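The structure under discussion appears below in the form of structure tokens.
Residue numbers (the UniProt record's numbering): 1 to 572.
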């Protein structure tokens, strides 16, 4: 069935409600919009669905959510009656239709005889991970589009360890989704019936209270300056309550919350694109910071799994720290603190993604801690913690990736903006007591290990045209890699789709020993490298450029040189 036929069937079928049909009729003369909504089905990317809200097979709506949930229900049923009794925990954020989609999913699961634990109110994504482990459910769902713009929503699936599903489970769900011939085959029941049968259970404040207690146990130092001025913005998302509660319990005296971004706002009126990776989200926080002399600014994204910060410099201006810089600072703070207390485990590891910088690796080596790399995404990072639970080969200390996601310890198996906000605040307060800012500490690290610099380039193109362009770019780079950039010579290529690492100097080809993923990475003889990959959750292709040098200028010049060469190749 082509996209026009799909469009017509949604207008014709009695199953689809009046509002859906009215929305589709409003675009009847817009061929491009009809194509974009129906040319494909929303598919499982990074552990679930993500897309624009609206009617259509390529949109987030109650029908696509129900379809995915029936696929999950059939997958759970395949594991037997005990799996159905273990059940599924469901959380949701502040976005348009998040609560509706969460309720819809809970009723589909209940109709399939699967026990459901539904949060009574908005909750951060990491709290869902904690709840899965606390309640010992088989699976979990969080309705969120994380840091995407207001017209997006999403559906992420977790498994019993509390981490996002890997391909083995995702493939089962996808197979079961494809086996559903009609939306009419999706089971559902009323909320009253689900509650009455004990299939639907509401999660109250007690789980959040336990979560916060466990977060507080991860504190590393109490000998800190608790008078530090902290500016916090939840960007109108789920972090407002738990982050403030944790900072309050840590006895920080001066916590200032950005009032315009304090309460839920699914339209993100003051920020537009609520991604803390973008320094623009700190505009309101900077204004408040200057009013109250804030030392540090912290922002969490709408589902509070990511966090970014800005630090006041000696001139009184705020400097943004990117994910690699914050990650390196946290690795240094955690390992130096634990080294003083002699609590670094002998087999401890730091886990980072293949597109994350290498400064943290150098810091870890100083403390005799190994660094392990995984594919991009916390489902891969936390799968290592799950693996170590079984093998006991290593002890997971800290995991992070350059896209401002971090987790300390193993109580949560996903990136956690609550834990990270506490540690960043504590770290800043610890060094303030020593008369330093985080910028001072970062400069010390650069002087000790070299000036590690990076740049991320994102090329955004939506729809079928964008998908084809990204495929063309990846094909060109894969088949014709750049072998020389200035005096830099290519020495190693890593193709994670083909599963090959080629050492060009030694003439050796090895396996990546990772799941297949459409990522390319190229290393040069001066230690610089770049990687390129299509995003799994957004209509963009990402280019990561890294360099190290004896000075900041030298490293930045390398970045610019590599960028020009790559962009010239892409534009051809």
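Backbone N, C-alpha and C fix where the C-beta goes; we use that ideal spot for every residue, glycine too. If you're wondering where the values come from, they're calculated on a predicted model, not measured in any experiment.
Only counting the same chain, and skipping five residues up and downstream in sequence, which positions put a Cβ closer than 7 Å to that of residue i?
{"i": "residue 264", "result": "94, 122, 236"}
{"i": "residue 309", "result": "296, 297, 298, 321, 326, 424"}
{"i": "residue 642", "result": "Any question about residue 642 goes unanswered here, given that the chain covers just 1 to 572."}
{"i": "residue 517", "result": "375, 496, 497"}
Report all residues from its chain with a CB closer than 8 Å to the CB of residue i; omit the five preceding and five following residues, and keep chain order.
{"i": "residue 92", "result": "98, 99, 101, 102, 119, 122, 123, 142, 143, 144"}
{"i": "residue 582", "result": "Past the edges of the chain, shown from 1 to 572, lies residue 582, and the structure says nothing about it."}
{"i": "residue 483", "result": "489, 490"}
{"i": "residue 248", "result": "255"}
{"i": "residue 226", "result": "250, 251, 252, 253, 429"}
{"i": "residue 268", "result": "149, 150, 235, 236, 274, 302"}
{"i": "residue 384", "result": "349, 351, 372, 374, 394, 396, 399"}
{"i": "residue 550", "result": "450, 451"}
{"i": "residue 328", "result": "357, 359, 360, 363, 442, 445, 452"}
To which residues of the same chain is residue i closer than 6 Å at the C-beta, ignoring the five residues directly before and after it?
{"i": "residue 444", "result": "none"}
{"i": "residue 234", "result": "240, 300"}
{"i": "residue 376", "result": "353, 355"}
{"i": "residue 231", "result": "256, 285, 288, 289, 294, 297"}
{"i": "residue 470", "result": "534, 541"}
If we call anything under 7 Å between Cβ atoms a contact, is residue i one with residue j?
{"i": "residue 464", "j": "residue 495", "result": "no"}
{"i": "residue 349", "j": "residue 370", "result": "yes"}
{"i": "residue 296", "j": "residue 428", "result": "yes"}
{"i": "residue 246", "j": "residue 215", "result": "yes"}
{"i": "residue 229", "j": "residue 294", "result": "yes"}
{"i": "residue 75", "j": "residue 187", "result": "no"}
{"i": "residue 580", "j": "residue 303", "result": "Outside the shown range of the chain, which is 1 to 572, sits residue 580, and nothing can be said about it."}
{"i": "residue 135", "j": "residue 170", "result": "no"}
{"i": "residue 381", "j": "residue 409", "result": "no"}
{"i": "residue 73", "j": "residue 114", "result": "yes"}
{"i": "residue 462", "j": "residue 345", "result": "no"}
{"i": "residue 559", "j": "residue 485", "result": "no"}
Assuming residue i and residue j form a contact by the criterion Cβ under 8 Å, report the distance between their Cβ atoms to the nearest whole angstrom.
{"i": "residue 501", "j": "residue 525", "result": "Actually they do not touch by this definition, with Cβ atoms about 16 Å apart."}
{"i": "residue 162", "j": "residue 413", "result": "4 Å"}
{"i": "residue 224", "j": "residue 117", "result": "That belief does not hold up - the Cβ atoms of residue 224 and residue 117 are roughly 37 Å apart, past 8 Å."}
{"i": "residue 321", "j": "residue 331", "result": "About 13 Å separates the two Cβ atoms, so there is no contact after all."}
{"i": "residue 180", "j": "residue 70", "result": "6 Å"}
{"i": "residue 258", "j": "residue 288", "result": "6 Å"}
{"i": "residue 306", "j": "residue 419", "result": "Going by Cβ atoms, the distance from residue 306 to residue 419 rounds to 12 Å, so no, they are not a contact pair."}
{"i": "residue 527", "j": "residue 512", "result": "Not really, about 20 Å apart at Cβ, beyond 8 Å."}
{"i": "residue 150", "j": "residue 266", "result": "6 Å"}
{"i": "residue 597", "j": "residue 166", "result": "Any answer about residue 597 is impossible in this case: the structure gives the chain only from 1 up to 572."}
{"i": "residue 456", "j": "residue 522", "result": "16 Å between Cβ atoms; not a contact."}
{"i": "residue 438", "j": "residue 431", "result": "6 Å"}
{"i": "residue 58", "j": "residue 40", "result": "5 Å"}
Would you call residue i buried or exposed, if buried means 16 or more other Cβ atoms sit within 10 Å of its Cβ?
{"i": "residue 505", "result": "exposed"}
{"i": "residue 131", "result": "buried"}
{"i": "residue 199", "result": "buried"}
{"i": "residue 325", "result": "buried"}
{"i": "residue 358", "result": "buried"}
{"i": "residue 531", "result": "buried"}
{"i": "residue 392", "result": "exposed"}
{"i": "residue 3", "result": "buried"}
{"i": "residue 508", "result": "exposed"}
{"i": "residue 564", "result": "exposed"}
{"i": "residue 31", "result": "exposed"}
{"i": "residue 417", "result": "buried"}
{"i": "residue 29", "result": "exposed"}
{"i": "residue 62", "result": "buried"}
Under 6 Å from any heavy atom of the ligand SAM, does the C-beta of residue i make it?
{"i": "residue 457", "result": "The model depicted lacks the ligand SAM and carries no ligand whatsoever."}
Exercise. Taking contact to mean at least 3 C-beta pairs separated by less than 8 Å, is the stretch 357-365 in contact with the stretch 478-492?
Worked result: Judged by pairs of C-beta atoms under 8 Å, the stretch 357-365 does not touch the stretch 478-492, as fewer than three such pairs exist.
For this session: Count the C-beta pairs between the stretch 273-283 and the stretch 436-450 that are closer than 8 Å, then say yes if the count reaches three, no if not.
Result: no
For this session: Determine contact between the stretch 104-112 and the stretch 65-78, defined as no fewer than three beta-carbon pairs at a distance below 8 Å.
Result: yes
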